[in-house]
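Visitor: Take any residue in the sequence shown, count from 1 to its spot, add 1: that is its number in the numbering used here.
We treat Cβ as the ideally placed atom computed from N, Cα and C, and that holds for glycine.
Since the structure is predicted, the reported quantities are computational estimates derived from the model, not experimental observations.
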Amino acid sequence: MPDNPRSPGGLSLLMADITRLDVQAIVNAANNTMLGGGGVDGAIHRAAGPELLEECRRIGGCPTGEAHITKRYRLPARWIIHTVGPIWNGGGFREDKLLACCYKSCFKLADSHDIKSIAFPAISSGAYGFPMDRSCRIALSEMKAFLEEGGEERGVEVIAVCYSPAVYQCYQESLSKLLAKQPEK
Ligand code: APR
Numbered sequence: 002m003p004d005n006p007r008s009p010g011g012l013s014l015l016m017a018d019i020t021r022l023d024v025q026a027i028v029n030a031a032n033n034t035m036l037g038g039g040g041v042d043g044a045i046h047r048a049a050g051p052e053l054l055e056e057c058r059r060i061g062g063c064p065t066g067e068a069h070i071t072k073r074y075r076l077p078a079r080w081i082i083h084t085v086g087p088i089w090n091g092g093g094f095r096e097d098k099l100l101a102c103c104y105k106s107c108f109k110l111a112d113s114h115d116i117k118s119i120a121f122p123a124i125s126s127g128a129y130g131f132p133m134d135r136s137c138r139i140a141l142s143e144m145k146a147f148l149e150e151g152g153e154e155r156g157v158e159v160i161a162v163c164y165s166p167a168v169y170q171c172y173q174e175s176l177s178k179l180l181a182k183q184p185e186k
């Protein structure tokens with residue numbers, strides 16, 4: 002699967018295990034307790050080690066759509082940003098808006114910590130059941146907005162991490178549609 006090249010101030014898609022990425026921040030798709038779970042949450046806690054759970058316990062939880070930042074412990078990344086996506090419930094309970102808030106909250110923390118590279122998993126698209134095409138579209142739209150509103154000028158690299166070819170393909174299709182709508186510069 003050809004990854005499009007990574008670049009400062011750019012957006013790239015990457016097939017990878019997010020716990021292995023040497024970026025300044027990786028984003029965790031957590032739950033409201035922030036006490037770990039399965040999926041990418043479980044992978045990050047396993048890779049980071051038990052000290053991460055202790056810091057998360059001290060934070061005491063995270064409302065859906067918001068985010069908290071912790072140390073990296075045993076991870077190669079410098080920071081872990083934990084956000085809680087909405088559980089898909091048919092679309093009539095502000096799921097789209099709450100998912101968009103996850104990305105906005107993570108970017109706000111990235112800016113306040115002068116983070117220059119941030120990698121996101123496909124938040125809410127696993128156990129939380131968000132339709133993949135919809136979650137990818139929201140993710141890319143928020144990533145593009147962040148880059149256009151100053152992230153690109155500050156040289157921030159944004160990576161959408163895909164853990165399966167199906168997710169990668171979904172991101173690729175969504176990205177093509179998003180760029181097709183882009184007015185010629
Ligand atoms: N690296 C990158 N992406 C991963 C990894 C990994 N190591 N492991 C899983 N993923 C991908 C999944 O394939 C999916 O595309 O992360 C995406 C999000 O899936 P989940 O981890 O299930 O997260 P989410 O749908 O937001 O559900 C969160 O699940 O694990 C629990 O505690 C978590 O209760 C919370 C819920």
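Exposed or buried, which one is glutamate 154 when buried takes at least 16 other CB atoms within 10 Å?
Guide: Looking at its Cβ environment, which holds fewer than 16 other Cβ atoms inside 10 Å, glutamate 154 is exposed.
Visitor: Locate the beta strand (DSSP E) running through glutamate 158, then write down its first and last residues.
Guide: Note, glutamate 158: beta strand (DSSP E), 158-163.
Visitor: To which residues of the same chain is isoleucine 82 closer than 6 Å at the C-beta, ignoring the five residues directly before and after it?
Guide: The residues are Ala26, Val28, Ala68, Ile70, Cys107, Leu110.
Visitor: For glycine 127, which residues in the same chain have their Cβ closer than 6 Å to its Cβ, ignoring the five residues on either side in sequence?
Guide: Around glycine 127: Gly40.
Visitor: I need the DSSP call for cysteine 171, collapsed to helix, strand or coil.
Guide: In the structure shown, cysteine 171 sits in a helix (DSSP, three-state: H, G or I).
Visitor: How many Å lie between valine 157 and leucine 141 at the Cα?
Guide: Approximately 15 Å between the Cα atoms of the pair.
Visitor: Can you name the residues that DSSP bridges to alanine 26?
Guide: In DSSP, alanine 26 forms a bridge with Trp80, Ile119.
Visitor: How many Å lie between glutamate 150 and leucine 179 at the Cα?
Guide: Roughly 16 Å separates the two Cα atoms.
Visitor: Measure the alpha-carbon distance for serine 118 versus proline 9 and round it to whole angstroms.
Guide: About 8 Å.
Visitor: Label proline 3 either buried or exposed according to how many other C-beta atoms from any shown protein chain fall within 10 Å of its C-beta, with 16 as the threshold for buried.
Guide: Since pLDDT at proline 3 reaches only 46, below the 50 mark, its modelled position is unreliable, and no value is offered.
Visitor: Going by C-alpha distance, which of Thr65, Ile45, Glu96, Ile88 is nearest lysine 72?
Guide: That would be Ile45, whose Cα lies nearest to the Cα of lysine 72.
Visitor: Classify methionine 16 as helix, strand or coil using the three-state DSSP reduction.
Guide: Methionine 16: strand per DSSP, three-state reduction.
Visitor: Would you say the beta carbon of glycine 50 is closer than 6 Å to some non-hydrogen atom of ligand 1?
Guide: No, Cβ of glycine 50 sits at least 6 Å from all heavy atoms of ligand 1.
Visitor: Got a sec: does ligand 1 put a non-hydrogen atom nearer than 6 Å to the Cβ of serine 175?
Guide: Checking the Cβ of serine 175 against ligand 1 gives no.
Visitor: So which residues touch the region around ligand 1, with touch meaning a C-beta under 6 Å from any heavy atom?
Guide: In chain order, the qualifying residues are Asp18, Ile19, Thr20, Ala30, Ala31, Asn32, Gly38, Gly39, Gly40, Val41, Asp42, Gly43, Ala44, Gly86, Pro122, Ala123, Ile124, Ser125, Ser126, Gly127, Ala128, Tyr129, Val162, Tyr164, Ser165, Val168.
Visitor: Pick out whichever of Pro166, Asp18, Arg135 has its Cα sitting closest to the Cα of glycine 91.
Guide: It is Arg135.
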